[in-house]
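Below is one structure, written out as structure tokens, with a few remarks after it.
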Amino acid sequence: MSTFWAQVFSGLVTGGIYASLALALVMIYQATHHVNFAQGEMAMFSTYLAWSLIHAGMPYWFAFVLTVLISFVGGVVIERVIIRPVENAPVLSVVVVFIGLLVIFNSLAGWIYTYSIKSFPSPFPSQPISGFEYISPHGMGAIGVTLVVLVLLYAFFRFTPLGLAMRAAALNPASARLVGIRVGWMLALGWGLAAAIGAVAGMMVAPIVYLDPNMMSGVLLYAFAAALFGGIDSPGGAVLGGFIVGVLENLVGAFVIGNDLKLSLALVLIVGVLVVRPAGLFGRVLVNRV
Amino acid sequence: MQTETTATATATAVPAKLPGARLASWAALALIACALPFLINGYHTFQLTLVLVYSIALLGLNMLTGYNGQISLGHGAFYALGAYTAAILMNSLDVPYWATLPASAALCLVAGFLFGLPALRLEGLYLALATFALGITMPPLLKYKHFDALTGGSQGIVIIKPDPPFGLPISQDQWLYFFTLVITVALFLLARNLLRGRVGRALVAIRDHPVAAEAMGVNSALYKSLTFGVSAMYTGIAGALGAIAVQFVAPDSFDIFLSISFLVGSVIGGISSIAGAVFGGAFIVFVPNIANQISKAAPWAIYGVFLIGFMYLMPGGIVAFLRIAGDRLLRRMRKSSR
Amino acid sequence: MAALLSVSNLEAYYGQTQVLHGLDFSMEEGSITTLLGANGAGKTTTLRALCGMVKTHGEIAFCGERIEQRGTEDIVRLGIAHVPDGRGTFVDLSTEENLRLGGYTRKDRRAAAADMERMYEYFPRLRERRKQQAGTLSGGEQQMLAIARALMLGPRLLLLDEPSFGLAPLIVGQIFDIMRTVNQTEKVAILLVEQNAAMALELADHAYLIETGRIVISGAAEAIRNDDAVRRSYLGY
């Protein structure tokens with residue numbers, strides 16, 4: 360039974376990371392109706408940046424904040440420079456551009472940092488806290504960080520004028536323009552936020568899975584599954600989906616199919632959701648009338 | 222999307238309007254194709270074989286993407302399926318190399334059709350997601366320890382290179398090249414006939430005006446799944462041929478980057494034409510070598526820049542570009558002859 | 035005194051199709067002008083052209099500044115508010131959020147808040163429904179919300195596209211009364227596109243009749259209202 364709870368708690372830890380990344384995906388999807396296939400690699404690259412800063416002597420939380428800021432700016436720049444020219448292009452073209460980004464980030468990381476596995480520090484103490492055997496301090500810290508990020512984001516979108524403007528731009532760009540909102544810049548901001556969230560997710564997951572250029576591909580897949588499961592246009596659904604997928608992954612891996620095949624759960628979930636209910640748990644169901 | 226609205230994609234990038242000229246250019250092409258392996262060394266012949274192999278795979282992908290408007294980021298998985306089928310049959314059951322082709326074809330046709338059944342519900346983006354997931358999941362599946370006896374686990378399977386039949390006085394590389402060439406031509410002709418006829422028109426109708434196609438009675442669900450099946454079949458055959466040529470299969474050769482290579486080749490060669498598949502195949506085989514010279518550690522970064530650049534400049538791919546350039550040339554020639 | 039809005043040889047295109055063929059008209063500050071015409075005449079296109087939402091040639095000057103090549107967001111920030119056909123409400127957001135968005139570009143937060151109060155006074159129904167999701171409001175309430183949101187901009191010119199569309203006559207009357215009040219107290223000029231010519235001519239000072247992208251009749255609203263021949267042949271009543 361203790362294995363069960365251990366799996367559930369570690370599932371919540373990774374689930375929080377999936378939730379963050381899924382939220383980033385949903386944010387971009389809501390605004391652009393595109394899925395950012397490069398989200399994982401961008402997060403991985405941000406994590407490597409943090410690694411460089413830490414190895415140059417910067418204290419952890421300094422490096423953390425700086426990395427988040429740099430990632431934010433990077434996201435904004437990528438949207439304005441690379442995505443904007445193909446904003447209105449057919450779906451295939453945009454997917455190809457995303458794959459191009461994925462490939463560039465992956466190979467840049469491999470080139471600059473080599474493919475050898477590196478360890479990434481955790482800011483949380485390594486001694487397990489007595490009474491909490493099922494979950495490591497880093498695990499608790501990671502969940503804490505995830506929750507803080509989610510709450511901050513929620514507050515931003517719900518209570519600030521800029522957050523409201525971003526929501527408006529995503530929901531109805533034409534009307535948003537009519538109230539003077541610069542929709543293009545709202546998109547760029549959305550990308551910036553998504554990149555920042557990705558950076559946090561990467562830095563939280565790296566101590567667990569170790570840092571290498573292919574670190575995020577599995578995480579990205581789970582995040583896709585979580586986003587689809589919760590509803591690709593529902594931020595709340597994405598977050599809930601993330602936690603559910605995390606726990607499910609661990610339980611299924613430990614008790615049903617073994618750890619080697621865990622990743623195929625993501626594939627099954629993705630195809631399953633798309634077949635049974637493409638809108639996910641909380642997404643909007645679109646009816647296509649012929 | 223490519224603006225070809227008819228399925229009559231020309232099988233040559235040279236817009237020759239005179240029937241004599243077209244025949245002549247085909248004959249020249251055939252001559253060159255047959256003569257090449259005797260003029261170059263074994264390794265280069267092997268590379269040419271790979272170009273043919275990848276062009277078959279890309280033809281499969283083009284069928285899906287260019288003609289049917291569906292996107293796949295996971296065709297590497299079907300390539301792997303075909304490759305492993307050939308390898309396992311040859312290794313464990315001593316099946317002769319040429320017999321593995323129909324087996325791989327059949328298996329991938331069925332697998333593709335089954336994967337395509339739910340795919341009929343998925344448009345563009347969602348299909349890309351699902352196939353992306355398929356592409357990422359393949360290596361772990363191939364490494365699964367309970368299949369080890371069959372698949373050779375992480376070590377993979379080694380295949381013995383086939384000898385030329387009937388004691389022909391050519392090398393193994395040359396024989397493999399000709400064998401692959403014949404299969405390639407046969408598959409291309411089959412595809413051409415399929416795509417020029419009713420099937421092709423139906424596919425393009427589904428791509429361009431799905432609602433109208435449904436209303437006209439085109440059973441788009443069936444066509445889409447069948448298309449996915451045939452597309453997977455082509456890629457599976459390519460996988461089998463590739464495995465035989467490379468003489469080796471291992472899980473990590475069939476990761477997501479293989480699927481991405483196919484996407485690259487397809488995009489660059491042009492997604493709506495058969496000739497584009499050959500250009501794309503050549504790109505996939507030769508560009509990494511060139512890219513390595515520019516930057517030894519990051520050929521993929523170059524790929525990425527190419528991909529993005531192509532989407533900005535030439536969304537129709539090289540063949541569309543050549544056709545446009547060729548048309549312009551033809552117009553200029555006509556003008557000057559007046 | 036320079037006209038508030040002056041339009042000269044305005045042409046507009048949807049893709050390759052030319053929809054407006056050289057319109058000339060102008061508006062004074064605080065005036066109410068109505069654009070009349072049948073379906074497809076180009077009335078909505080004119081409003082869209084003023085806001086930079088379609089491809090145009092020709093000259094558009096607002097408060098002396100040329101605006102024909104500017105983007106919608108910039109034109110809006112200069113003081114032109116547009117209530118589009120279909121109302122353009124943010125249906126997933128609440129009534130209050132819609133209003134707040136109307137005031138998004140206002141630098142003076144306090145003035146914007148004061149304006150929101152004033153909007154609730156013009157449209158008490160909106161105050162009752164301030165927390166409600168805008169998409170669940172009735173047609174009339176959504177129209178009021180759309181107008182209120184536009185007024186939150188503090189505009190000098192309000193463009194209204196078929197505010198009476200799909201609404202019961204009683205509600206339409208209420209809305210037109212409010213517009214008259216707004217015009218008189220806030221000194222907002224109104225350019226009104228309407229199919230309901232009778233009500234539009236009651237409200238407006240000037241009127242233009244557009245037919246297939248050209249102005250065929252222009253003049254004081256009262257004169258047109260009293261001209262039986264024009265009314266019968268062009269306006270159908």
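Residue numbers (our numbering), protein chains in the order written: chain A, 360 to 649; chain L, 222 to 559; chain V, 35 to 271.
Don't be surprised by glycine CBs; every beta carbon is placed ideally from N, CA and C.
Check	Outcome
Please list the partners that V:Glu107 has in chain A, where partner means a Cβ-to-Cβ separation under 8 Å.	Arg536, Gly539, Ile540, Arg541, Val542
Check whether the segment 395-403 of chain A touches the segment 457-466 of chain A, counting contact only when three or more Cβ pairs, one atom from each stretch, lie closer than 8 Å.	yes
Which of the residues in the segment 632-644 of chain A, read from start to end, lie with their CB under 9 Å from any CB of chain L?	Leu633, Val634, Pro637
CB V:Tyr178 to CB V:Ile209, shorter than 8 Å?	According to the sequence shown, residue 178 of chain V is Met rather than Tyr. A contact, by the Cβ cut-off of 8 Å.
Report yes if the C-beta distance between V:Leu191 and V:Leu39 is below 8 Å; otherwise report no.	yes
DSSP three-state call for V:Val250: helix, strand or coil?	strand
Which word fits L:Pro323, buried or exposed, when buried means at least 16 other C-beta atoms lie within 10 angstroms of its C-beta?	exposed
Which whole-angstrom value is the C-beta distance of A:Gly596 and A:Gly605, which I expect to be below 8 Å?	Incorrect: roughly 15 Å between the Cβ atoms, too far for contact.
Could you check the C-alpha separation between L:Ala503 and L:Ser482 for me, to the nearest Å?	12 Å
Identify the residues that DSSP records as bridge partners of V:Leu57: which are they?	V:Leu44
Taking just the CA atoms, how far does V:Val88 sit from V:Gln52?	11 Å
For the ligand ZN, is there a heavy atom less than 7 Å away from the beta-carbon of A:Phe515?	Of the ligands one can find in the structure shown there are none, so the ligand ZN has no counterpart to examine.
What is the DSSP secondary structure of V:Gln50, reduced to helix, strand or coil?	coil
By alpha-carbon positions, which one of A:Ala565, A:Pro532, A:Tyr493, A:Pro594 ends up nearest to A:Phe516?	A:Pro594
V:Asn230: buried (16+ other C-beta within 10 angstroms of its C-beta) or exposed?	buried
Just to confirm before moving on: does the CB-CB distance between V:Ala182 and V:Ile66 stay below 8 Å?	no
Look up V:Asp195 in the DSSP assignment and give the residues it is bridged to.	V:Val227
Leaving out the 5 sequence neighbours to the left and right, which residues in its chain are closer than 7 Å to A:Val542 when beta-carbon positions are compared?	Ala528, Pro532, Ala535, Arg536
For a cutoff of 8 Å on Cβ pairs, would you count L:Thr358 as touching chain A?	yes
Roughly how many angstroms separate the alpha carbons of A:Val635 and L:Ser293, rounded to a whole number?	20 Å
Taking the alpha-carbon positions, what's the L:Thr372 to L:Ser325 distance?	15 Å
By the three-class DSSP mapping on this structure, what secondary structure does V:Gly92 have?	strand
Give a yes or no on whether the minimum CB-CB distance between A:Pro520 and chain V is below 8 Å.	yes
Could you please give the first and the last residue of the uninterrupted alpha helix (DSSP H) stretch that includes V:Leu69?	Element bounds for V:Leu69: not the alpha helix (DSSP H) but the beta strand (DSSP E), 66-70.
Any idea which residues DSSP pairs A:Val604 with across the strands?	Its beta-bridge partners do not exist; DSSP assigns none.
Determine the chain A residues that contact V:Val53 at a beta-carbon separation under 9 Å, and present them in chain order.	In chain order: nothing, as chain A lies at least about 18 Å away.
Among the candidates L:Ile378, L:Leu408, L:Pro509, whose CA atom is the shortest distance from the CA of L:Val470?	L:Ile378
Look up V:His240 in the DSSP assignment and give the residues it is bridged to.	V:Thr67, V:Ala254
Output yes or no for whether 8 Å exceeds the beta carbon distance between A:Tyr419 and A:Ile413.	yes
Which of the three DSSP states, helix, strand or coil, is assigned to V:Phe157?	coil
So V:Ile114 is in the beta strand (DSSP E); what residue range does that whole segment cover?	114-117
Give me the DSSP bridge partner(s) of V:Ser128.	V:Gln167
With L:Met311 as the anchor, note down where its alpha helix (DSSP H) starts and where it stops.	296-314
Run down chain A in chain order and give the residues with a C-beta less than 9 Å from the C-beta of L:Gly345.	Pro449, Val450, Leu451, Val454
CB-CB under 6 Å to A:Val367, same chain, minus the five flanking residues each way: which ones, in chain order?	Val606
In angstroms, rounded to a whole number, what distance separates the CA positions of A:Ser481 and A:Met574?	16 Å
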